[in-house]
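Residue numbers for the sequence shown follow the numbering used here, beginning at 848 and rising by one.
Every residue, glycine too, gets a C-beta built ideally from N, C-alpha and C.
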Amino acid sequence: MLFENKSTSVFSEQTVYADRVKLSILNIYGENPKACVVTFGCQQNVSDSEKLKGMLKMMGYEITEDWALADFIIFNTCAVRGHAEDRVYGNIGKVKQLKKDKPRLIAAVCGCMAQQESVAEKIKKSYPYIDMVFGTQVFHRLPEFIYKQLNGSPRIFELTLDNSDIVEDIPVSRDGTYKGWLPIMYGCNNFCTYCIVPYVRGRERSRDPEKILEEARAMIANGCKDITLLGQNVNSYGKGCDHGINFAKLLRMINDIEGDFRIRFMTSHPKDCTVELLDTIRDCEKVSRHLHLPFQSGSSRILKLMNRYYDREAYLSLIKEAKARIPDVSLTSDIIVGFPGETYEDFKETLSLVEEVKFSSLFTFIYSPREGTPAARMADPVTREEKGKWFDELLRLQERIAAENVKNYIGKTYRVLCDGYGSNEGFVTGHTSGTAVIEFEGDEGLLGKFVNVKVDLYDGTLKGTIIK
Ligand code: SAH
Ligand code: SF4
Ligand code: F3S
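Encoded structure:
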């Protein structure tokens, strides 16, 4: 083996628990014990949930979407904004009734929200019907936790966040066949002042390149055509490791795997986005022409308060570089409106940056204070109502820009991966190498295949025709 891997043995302990659980649940629930995984939050959580499902299947559970049928239910939660947390509380409240109907139901809460001690405390006191709460770095111990619950253990609260080695070899039950998630690193070291992620996900840890390549090869062999590499800041992949492989090199190594597939990645932090990475995107034919590069605010004053390590000028010159090196690049971004102390003057700088760059699409959020972060202690005089007005102004601007952008597609031909059904029967949709979605005539048989489509018109959706 090329790279040393210290972590494989950790999961093997869990396989022993999994075998025991398998025997017990057959006795308790009969032939077909069922488990339901409810996921909130980002792709990282979706990917973790695929591992929760993998472990549950290994224990003999069948996966169901129907809460009422479940013998085990788990909520994999997100803490990034207050709204995300409110939704989780609303949902776990429903477990009370589920347990009345099915007293042997086991209920768990895990993920980023569960990692916060204040949340675990609240669940301990106010949601007595939740049997286990565990954090983001111990979720591979699910078989052990279920085994203990089945054997009369008291409620489990396990929030260890010790940044130990990444646990490999957890079974994965993937939600899709031709599109898949591939985590390359976990955690975040950036501590943007508004953000809870570094506190709930712990420090940055990169997977061994050999493990990533092994997983990529297996995905491709199983028919995957679109792999999204995941990390809070993929650009810092490999930092602190002695293998010397940075993110650009990793992309090249994956690009070299044989087969017809596409590589996407998210998220990139502008402070670590190098010219080497831009050139790699340009040179690697399998790497999608898309760069999600969150700028958060167009005001250098606010960026400094956010602890983002770049200013407006640096961001704009990076964008200029990206557009020059990758002529057909699609750019997308995240923006926070109403950071503490932001004035309308600051916000106007966000608007002008959006106007200047012409992003394909934006993910926009109104600032949400997160307990324990520095920004939550900053004065925040602007009302929610005022922030709402700014937010709407930003949305209107982006709608106008997106409508202008879309005109550039008409008459051109794109290679798309057919990956969904269209709005009318007999039509399917496909994603370009960037971010556009095109609808065209076709049936189920095209799903998961690459086709060339010429864009004919835009009527709220891009419509096209297959070119043979
Ligand atoms: N690691 C990624 C982002 C993860 S969170 C990155 O740095 O790009 C996704 C987005 O949520 C962030 O980019 C930010 O725009 C938004 N976000 C994070 N914390 C927030 C908060 N407290 N309030 C509002 N939006 C927030
Ligand atoms: Fe949060 Fe910043 Fe880390 Fe992204 S880079 S996860 S916004 S702290
Ligand atoms: Fe939410 Fe955790 Fe992702 S806080 S955005 S699920 S890393």
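For the pair Ala961 and Ala954, the CB atoms are not nearer than the 8 Å cut-off.
Taking every protein chain shown into account, the CB of Tyr1191 has fewer than 16 other CB atoms within 10 angstroms, so this residue is exposed.
Within 10 angstroms of the beta-carbon of Gln1079 lie 16 or more other beta-carbons, which makes it buried.
In the three-state reduction of the DSSP assignment, Gly1277 falls in the strand class. Look at the region 908–991 and you find these whole runs of beta strand (DSSP E), each 3 residues long or longer: 919–924, 953–958, 979–981. Distance from the C-beta of Asn1102 to the nearest heavy atom of ligand 1 is not below 7 Å. Distances taken from the Cβ of Asp1181 to the heavy atoms of ligand 1 include one shorter than 7 Å. Boundaries of the beta strand (DSSP E) harbouring Ala882: 881–886, taken from the DSSP string.
Ala926 and Lys900 have their C-alpha atoms spaced approximately 21 Å apart.
Distances from the CB of His1137 to the heavy atoms of ligand 2 are all 7 Å or more. Asp1266 places its beta carbon 8 Å or farther from that of Gly1281. Within the model, the alpha-carbon separation for Ile1067 versus Asp1107 is close to 8 Å.
The beta carbons of Gly1145 and Ser1207 sit no closer together than 8 Å. Leaving aside the five residues that flank Thr1040 on each side, the residues in its chain whose CB is nearer than 8 Å to its CB run, in chain order, Leu1152, Met1153, Asn1154, Thr1220, Pro1221, Ala1222, Met1225.
Approximately 5 Å separates the beta-carbon atoms of Gly1085 and Ser1053; this is inside 8 Å, confirming the contact. Nearest C-alpha to Glu1232 among Glu1218, Tyr1214, Leu1244, Glu1246: Tyr1214. Closest option to Leu1264, judged by alpha-carbon separation, among Arg928, Asn998, Tyr1025: Tyr1025. For Glu1288, the enclosing beta strand (DSSP E) stretches over residues 1284–1288.
The beta carbon of Ile1257 sits closer than 6 Å to the beta carbons of Val1302 from its chain, once the five residues preceding and following it are set aside; these are given in chain order. At least one heavy atom of ligand 2 lies less than 7 Å from the C-beta of Gln1079.
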